[in-house]
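Visitor:
Protein chains: 2
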Amino acid sequence: MKKIFTLGEIVVEIMANQKGQLFTQDGIWKGPFASGAPAIFIDQVAKLGEQAAMISCVGNDGFGELNIKKLQSDGVDISNISIINDQTTGSAFVTYHEDGSRDFIFNIKNSACACINEEMVSQNILQDCDHLHIMGSSLFSKTIFNTAKKAIDIVKQNNGTISFDPNIRKEILHSPGVKDALLFILKQTDIFLPSESEVTLLTNTDNEKQAIDYYLNNGISSIVVKKGNKGASYYSRKEFFDISPHLVKEIDPTGAGDCFGGAYIALIHRGLTPRTALTYANACGAIAVTQQGPMQGTSTLEQIEKFMQQEKN
Amino acid sequence: MKKIFTLGEIVVEIMANQKGQLFTQDGIWKGPFASGAPAIFIDQVAKLGEQAAMISCVGNDGFGELNIKKLQSDGVDISNISIINDQTTGSAFVTYHEDGSRDFIFNIKNSACACINEEMVSQNILQDCDHLHIMGSSLFSKTIFNTAKKAIDIVKQNNGTISFDPNIRKEILHSPGVKDALLFILKQTDIFLPSESEVTLLTNTDNEKQAIDYYLNNGISSIVVKKGNKGASYYSRKEFFDISPHLVKEIDPTGAGDCFGGAYIALIHRGLTPRTALTYANACGAIAVTQQGPMQGTSTLEQIEKFMQQEKN
Numbered sequence: 025m026k027k028i029f030t031l032g033e034i035v036v037e038i039m040a041n042q043k044g045q046l047f048t049q050d051g052i053w054k055g056p057f058a059s060g061a062p063a064i065f066i067d068q069v070a071k072l073g074e075q076a077a078m079i080s081c082v083g084n085d086g087f088g089e090l091n092i093k094k095l096q097s098d099g100v101d102i103s104n105i106s107i108i109n110d111q112t113t114g115s116a117f118v119t120y121h122e123d124g125s126r127d128f129i130f131n132i133k134n135s136a137c138a139c140i141n142e143e144m145v146s147q148n149i150l151q152d153c154d155h156l157h158i159m160g161s162s163l164f165s166k167t168i169f170n171t172a173k174k175a176i177d178i179v180k181q182n183n184g185t186i187s188f189d190p191n192i193r194k195e196i197l198h199s200p201g202v203k204d205a206l207l208f209i210l211k212q213t214d215i216f217l218p219s220e221s222e223v224t225l226l227t228n229t230d231n232e233k234q235a236i237d238y239y240l241n242n243g244i245s246s247i248v249v250k251k252g253n254k255g256a257s258y259y260s261r262k263e264f265f266d267i268s269p270h271l272v273k274e275i276d277p278t279g280a281g282d283c284f285g286g287a288y289i290a291l292i293h294r295g296l297t298p299r300t301a302l303t304y305a306n307a308c309g310a311i312a313v314t315q316q317g318p319m320q321g322t323s324t325l326e327q328i329e330k331f332m333q334q335e336k337n
Numbered sequence: 025m026k027k028i029f030t031l032g033e034i035v036v037e038i039m040a041n042q043k044g045q046l047f048t049q050d051g052i053w054k055g056p057f058a059s060g061a062p063a064i065f066i067d068q069v070a071k072l073g074e075q076a077a078m079i080s081c082v083g084n085d086g087f088g089e090l091n092i093k094k095l096q097s098d099g100v101d102i103s104n105i106s107i108i109n110d111q112t113t114g115s116a117f118v119t120y121h122e123d124g125s126r127d128f129i130f131n132i133k134n135s136a137c138a139c140i141n142e143e144m145v146s147q148n149i150l151q152d153c154d155h156l157h158i159m160g161s162s163l164f165s166k167t168i169f170n171t172a173k174k175a176i177d178i179v180k181q182n183n184g185t186i187s188f189d190p191n192i193r194k195e196i197l198h199s200p201g202v203k204d205a206l207l208f209i210l211k212q213t214d215i216f217l218p219s220e221s222e223v224t225l226l227t228n229t230d231n232e233k234q235a236i237d238y239y240l241n242n243g244i245s246s247i248v249v250k251k252g253n254k255g256a257s258y259y260s261r262k263e264f265f266d267i268s269p270h271l272v273k274e275i276d277p278t279g280a281g282d283c284f285g286g287a288y289i290a291l292i293h294r295g296l297t298p299r300t301a302l303t304y305a306n307a308c309g310a311i312a313v314t315q316q317g318p319m320q321g322t323s324t325l326e327q328i329e330k331f332m333q334q335e336k337n
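Protein chains in written order, with our numbering: chain G, 25 to 337; chain S, 25 to 337.
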């Protein structure tokens with residue numbers, strides 16, 4: 025059985041206990057929760073029973089241990105996660121505003137995961153890999169971009185496929201080299217997973233339809249647009265369809281898009297049709313927002329099917 | 025009026041809510057609290073009405089803002105604290121064991137305060153400085169050591185004095201260059217403020233009396249040994265005395281030693297005798313352990329005197 029790989033940041037998330045809580049005043053926080061967009065993605069892949077592996081780094085501390093244990097217990101191959109002495113596992117503090125928006129204080133680009141480097145990727149390490157998922161959020165240094173590039177080259181040589189979730193804040197696009205890096209990954213991408221606000225981000229148009237056409241004319245075989253509480257849309261040369269959202273009580277949206285992406289890629293990898301995979305992914309994302317903690321919301325196939333059954337009734 | 029300066033780390037502290045809480049499981053935390061040993065020290069100096077300034081760096085984030093506001097509102101000159109874009113303010117997570125010991129996860133040496141550098145120190149910046157305090161915990165990079173060295177040279181040239189609190193874990197002593205750095209600072213030191221376990225740390229003897237003699241014979245004019253809940257001891261060529269502890273209910277010991285040191289140096293700077301300064305510092309440290317949050321325990325002269333009055337009754 026072939027493996028899905030990802031590479032990128034592993035962090036703990038520390039969550040404000042109350043809406044309106046500030047970084048500038050003391051308050052109550054909950055955590056640490058296992059997190060990091062690619063880590064959540066790959067945890068979800070493993071939970072659906074596909075072979076899954078992650079390339080990353082953590083510090084030699086409790087926060088790294090927490091993440092490794094969570095990934096391992098959910099079935100992720102952790103043999104390519106390095107523990108770096110004298111470095112601290114990445115972290116993200118998050119506060120919630122009344123309007124649903126969030127603020128973050130990240131320690132990622134100077135944390136242990138900044139130690140991800142090209143030597144962590146080789147033909148040997150990726151020999152079983154037939155699909156590689158890249159998150160835009162992971163490409164925060166030239167070294168990590170080069171590592172992703174090397175991994176993509178190897179997987180492509182082995183006739184594997186690439187999925188790509190831009191997962192990036194607009195402001196960061198203007199940092200030196202970032203847009204070029206994302207455009208490079210996009211060129212190698214088979215399955216593109218932007219959120220609604222990211223659909224046109226890497227094109228020269230503001231028009232969604234034109235952006236989708238551009239992608240389909242430039243080597244991308246399918247696009248799944250994640251629309252949060254508005255569902256999702258699928259585009260390929262052969263078909264186009266929307267999936268309706270599930271209406272659930274939102275507890276914590278963090279990580280829901282990564283669960284959605286992980287479920288979709290896992291089920292496509294298993295051989296399901298895009299429509300079926302997306303139906304499950306949509307339910308998986310809905311379940312995720314009902315759970316506090318970014319990686320706490322990952323689901324098994326059984327849990328997703330139970331949720332879908334309840335929704336039907 | 026002349027100023028007391030310090031340089032070094034500014035961090036926020038995030039404290040486990042319960043004894044026995046782990047880094048590897050989610051739980052409840054309290055914070056962020058303004059922290060960093062030299063920051064607590066200088067906050068205490070300012071609270072006692074002495075002119076006080078700090079040289080440091082924070083990130084352009086809420087945690088940096090919290091610290092700067094706290095220091096400024098307590099009277100510290102913050103004009104030499106730089107706000108560094110693209111860096112995160114340092115942080116320390118702390119858990120408490122049943123036996124009173126603590127565990128930490130630090131993000132300091134790759135945080136904003138690692139940006140402290142020699143250009144932040146000059147004859148002009150230190151023109152009003154007649155006393156400089158150095159914490160061993162701040163000397164975590166060659167660049168910061170060189171910055172401290174440059175500051176010491178300038179202050180000494182201007183006939184100022186140096187105080188030094190080794191404030192360092194034994195394990196770190198064996199890191200390359202650390203012991204040499206501490207020994208260099210020790211040579212320049214006028215007032216030495218080790219904790220009980222640190223008295224012999226930078227000598228070739230295990231005998232306290234011999235270590236004290238060595239210091240007094242090598243340019244140090246006075247030594248104050250901080251003994252926590254056992255009080256403190258004072259040594260100079262002229263006199264030796266102990267100060268009895270205050271018996272208080274310990275809420276949080278973090279930062280108490282820094283409050284003690286800040287109070288002692290502030291009051292010596294004001295011209296009080298060592299015995300009087302130490303009596304106040306001893307009370308100041310006792311008050312600090314009754315407050316949660318490392319920098320929350322700093323006291324005004326009025327608060328210290330009120331506490332001492334209550335203790336008498």
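Glycine residues also receive a C-beta, built at the ideal position from the N, C-alpha and C atoms.
Fair warning: this is a prediction, and the values are worked out from it, not measured in the lab.
Name the two residues that bound the continuous beta strand (DSSP E) containing Asn170 (chain S).
Guide: Run containing Asn170 (chain S): none in the beta strand (DSSP E); it sits in the alpha helix (DSSP H), Lys166 to Gln181.
Visitor: So the candidates are S:Thr171, S:Leu296 and S:Ile289; which of them puts its Cα closest to the Cα of Cys81 (chain S)?
Guide: Nearest option by C-alpha distance: S:Thr171.
Visitor: Would you mind telling me which residues of chain S sit closer than 9 Å to Ile188 (chain G), beta carbon to beta carbon, in chain order?
Guide: Here residue 188 (chain G) is Phe; the residue named in the question, Ile, does not match the sequence. By Cβ distance, chain S contributes nothing, its closest Cβ being about 25 Å from Phe188 (chain G), past 9 Å.
Visitor: Classify Glu222 (chain G) as buried or exposed, calling it buried when 16 or more other Cβ atoms lie within 10 Å of its own Cβ.
Guide: Result: buried.
Visitor: When you compare only the Cα positions, how much space is there between Cys308 (chain S) and Gly285 (chain G)?
Guide: 55 Å
Visitor: Can you give me, in chain order, the residues of the stretch 68 to 97 of chain G that have a beta carbon less than 9 Å from any beta carbon in chain S?
Guide: Gly83, Asp85, Gly86, Phe87, Glu89, Leu90 and Lys93
Visitor: So is Phe169 (chain G) in contact with chain S if we call contact Cβ pairs under 7 Å?
Guide: no
Visitor: Buried or exposed: where does Gly86 (chain G) fall if 16 or more other Cβ atoms within 10 Å of its Cβ makes it buried?
Guide: buried
Visitor: Give a yes or no on whether 7 Å exceeds the smallest Cβ distance from Phe47 (chain G) to chain S.
Guide: yes
Visitor: Going straight from the alpha carbon of Asp123 (chain S) to that of Asp276 (chain S), what length do you get?
Guide: 13 Å
Visitor: Report the CB separation of Ala287 (chain G) from Gln68 (chain G) in whole angstroms; it is logged as a contact under 8 Å.
Guide: 6 Å
Visitor: Along chain S, in chain order, which residues have C-beta atoms closer than 8 Å to that of Phe57 (chain G)?
Guide: Asp50
Visitor: Straight-line CA distance for Ala290 (chain G) to Ile105 (chain S)?
Guide: 49 Å
Visitor: Under 7 Å Cβ-Cβ, which residues of chain G neighbour Lys54 (chain S)?
Guide: Asp50 and Ile52
Visitor: Is it true that the stretch 113 to 131 of chain G meets the stretch 172 to 181 of chain G, where meeting means three or more beta-carbon pairs spaced less than 8 Å apart?
Guide: no
Visitor: By the DSSP assignment, the alpha helix (DSSP H) with Asp266 (chain S) in it spans what residues?
Guide: Taken as a continuous stretch (DSSP letters only), Asp266 (chain S) belongs to no alpha helix (DSSP H), being part of the beta strand (DSSP E) at Phe264 to Ile267.
Visitor: Could you pull the start and end residues of the alpha helix (DSSP H) that Asn131 (chain G) belongs to?
Guide: Careful: Asn131 (chain G) lies outside any alpha helix (DSSP H), inside the beta strand (DSSP E) at Arg126 to Asn131.
Visitor: Just tell me which of G:Ala63, G:Asp127 and G:Tyr120 has its CA closest to the CA of Gln96 (chain G).
Guide: Considering only G:Ala63, G:Asp127 and G:Tyr120, the residue with the shortest C-alpha distance to Gln96 (chain G) is G:Ala63.
Visitor: Could you check if Thr303 (chain S) is buried or exposed, using at least 16 other CB atoms within 10 Å of its CB as the buried criterion?
Guide: buried
Visitor: Establish whether the CB of Thr224 (chain S) and some CB of chain G are separated by less than 7 Å.
Guide: Chain G contact via Cβ: absent.
Visitor: Report the neighbours of Asn109 (chain G) on chain S: residues whose CB is nearer than 7 Å to its CB, in chain order.
Guide: By Cβ distance, chain S contributes nothing, its closest Cβ being about 11 Å from Asn109 (chain G), past 7 Å.
Visitor: Please classify Gly114 (chain S): is it buried, with 16 or more other beta-carbons within 10 angstroms of its beta-carbon, or exposed?
Guide: buried
Visitor: Spatial neighbours of Asn191 (chain G) within its chain, please: C-beta separation below 6 Å, excluding the five flanking residues on both sides.
Guide: Ala61, Met159, Gly160 and Ser161
Visitor: Within 7 Å of any Cβ in chain S, is that where the Cβ of Thr112 (chain G) sits?
Guide: yes
Visitor: Can you find a heavy atom of the ligand NAP that lies under 6 Å from the Cβ of Gln42 (chain S)?
Guide: Looking at this structure, you won't find the ligand NAP or any other ligand, since it has none at all.
Visitor: Express the C-alpha separation of Gly44 (chain S) and His121 (chain S) in angstroms, rounding to a whole number.
Guide: 5 Å
Visitor: Cβ closer than 9 Å: which chain G residues qualify as neighbours of Gly317 (chain S)?
Guide: Asp50
Visitor: Any Cβ of chain S within less than 7 Å of the Cβ of Asn141 (chain G)?
Guide: It does not; no Cβ of chain S falls within 7 Å.
Visitor: What residues are listed by DSSP as bridge partners for Gly83 (chain S)?
Guide: S:Ile108
Visitor: According to DSSP, is Gly201 (chain S) helix, strand or coil?
Guide: coil
Visitor: Taking 7 Å as the CB-CB limit, is Ile129 (chain G) close to chain S?
Guide: yes
Visitor: So, under 8 Å CB-CB, Thr119 (chain G) and Asp110 (chain G) are touching, yes? Tell me the CB distance rounded to an integer number of Å.
Guide: In fact, because the Cβ distance is near 30 Å, the residues do not count as touching under 8 Å.
Visitor: Tell me whether Ser219 (chain G) sits in a helix, a strand or coil according to DSSP, three-state version.
Guide: Three-state DSSP puts Ser219 (chain G) in a strand.
Visitor: Using a cut-off of 8 Å between C-beta atoms, extract the partners of Ile38 (chain G) located in chain S.
Guide: Ile38 and Trp53
Visitor: Strictly below 9 Å CB to CB, what residues from chain S border Asn183 (chain G)?
Guide: Going along chain S, no residue has its Cβ under 9 Å from Asn183 (chain G), so there is no contact; the nearest lies around 39 Å.
Visitor: Gly281 (chain S): which of S:Ala305, S:Asn182, S:Val145 and S:Asn148 sits nearest, CA to CA?
Guide: S:Ala305
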